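Inspection log for the structure reproduced underneath, given as C-alpha coordinates.
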(Lines of atoms letter the chains of each structure in order from A and count residues from 1; the text may use other names and numbers.)
(Lines give C-alpha, C1' and ligand atoms only; values in the text may rest on other atoms or scores of the structure.)
Protein backbone atom coordinates (compact mmCIF):
# COMPACT_ATOMS: atom_id res chain seq x y z
CA UNK A 1 0.00 0.00 0.00
CA UNK A 2 1.13 3.54 -0.69
CA UNK A 3 0.85 6.57 1.56
CA UNK A 4 -2.38 8.32 0.51
CA UNK A 5 -1.54 11.83 1.76
CA UNK A 6 1.10 14.19 3.06
CA UNK A 7 4.74 14.80 2.27
CA UNK A 8 5.29 11.16 1.25
CA UNK A 9 2.08 10.72 -0.77
CA UNK A 10 2.54 7.82 -3.20
CA UNK A 11 5.44 6.25 -1.26
CA UNK A 12 5.14 2.56 -0.39
CA UNK A 13 4.58 2.33 3.37
CA UNK A 14 7.63 0.11 3.86
CA UNK A 15 9.77 2.79 2.19
CA UNK A 16 8.72 5.60 4.54
CA UNK A 17 11.58 7.02 6.61
CA UNK A 18 11.72 6.01 10.26
CA UNK A 19 11.60 9.67 11.30
CA UNK A 20 8.18 10.04 9.63
CA UNK A 21 6.91 6.88 11.33
CA UNK A 22 8.30 8.12 14.67
CA UNK A 23 6.37 11.37 14.20
CA UNK A 24 3.14 9.43 13.67
CA UNK A 25 3.93 7.29 16.70
CA UNK A 26 4.30 10.43 18.85
CA UNK A 27 1.31 12.33 17.42
CA UNK A 28 -0.99 9.33 16.92
CA UNK A 29 -1.47 7.00 14.01
CA UNK A 30 -4.39 7.64 11.66
CA UNK A 31 -7.51 5.61 12.43
CA UNK A 32 -8.35 2.37 10.69
CA UNK A 33 -6.39 0.10 8.41
CA UNK A 34 -3.80 2.73 7.43
CA UNK A 35 -2.93 3.42 11.06
CA UNK A 36 -2.55 -0.29 11.77
CA UNK A 37 -0.29 -0.72 8.73
CA UNK A 38 1.84 2.29 9.66
CA UNK A 39 2.20 1.00 13.22
CA UNK A 40 3.24 -2.41 11.89
CA UNK A 41 5.85 -0.94 9.53
CA UNK A 42 7.14 1.22 12.40
CA UNK A 43 7.58 -1.83 14.65
CA UNK A 44 9.27 -3.80 11.85
CA UNK A 45 11.75 -0.98 11.20
CA UNK A 46 12.28 -0.23 14.90
CA UNK A 47 13.22 -3.85 15.56
CA UNK A 48 15.45 -4.23 12.48
CA UNK A 49 13.19 -6.77 10.80
CA UNK A 50 13.02 -5.32 7.28
CA UNK A 51 14.25 -8.64 5.88
CA UNK A 52 10.78 -10.00 6.67
CA UNK A 53 9.41 -7.88 3.85
CA UNK A 54 11.80 -9.20 1.16
CA UNK A 55 9.67 -12.25 0.21
CA UNK A 56 6.52 -10.13 0.18
CA UNK A 57 8.09 -7.54 -2.10
CA UNK A 58 9.43 -10.27 -4.39
CA UNK A 59 5.96 -11.79 -4.75
CA UNK A 60 4.52 -8.42 -5.79
CA UNK A 61 6.88 -8.03 -8.74
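Numbering (the numbering used here), first residue to last: 256 to 316.
A virtual CB, placed ideally from N, CA and C, is assigned to each residue, including glycine.
No experiment lies behind these values; they were computed from the predicted model shown.
So the alpha helix (DSSP H) residue i belongs to, where does it begin and stop?
i	result
residue 290	287-301
residue 282	273-282
residue 310	309-315
State the CB to CB distance for the pair residue i and residue j, rounded to an integer number of angstroms; the pair is presumed to be in contact (CB under 8 Å).
i	j	result
residue 293	residue 305	Incorrect: roughly 15 Å between the Cβ atoms, too far for contact.
residue 263	residue 271	6 Å
residue 308	residue 299	7 Å
residue 296	residue 268	5 Å
Residue j and residue i - do their beta-carbons sit closer together than 8 Å?
i	j	result
residue 256	residue 266	no
Considering only residues of the same chain and omitting the five flanking positions on each side of residue i, which have a CB-CB separation below 8 Å?
i	result
residue 322	In this structure the chain extends from 256 to 316, so residue 322 is not present and cannot be described.
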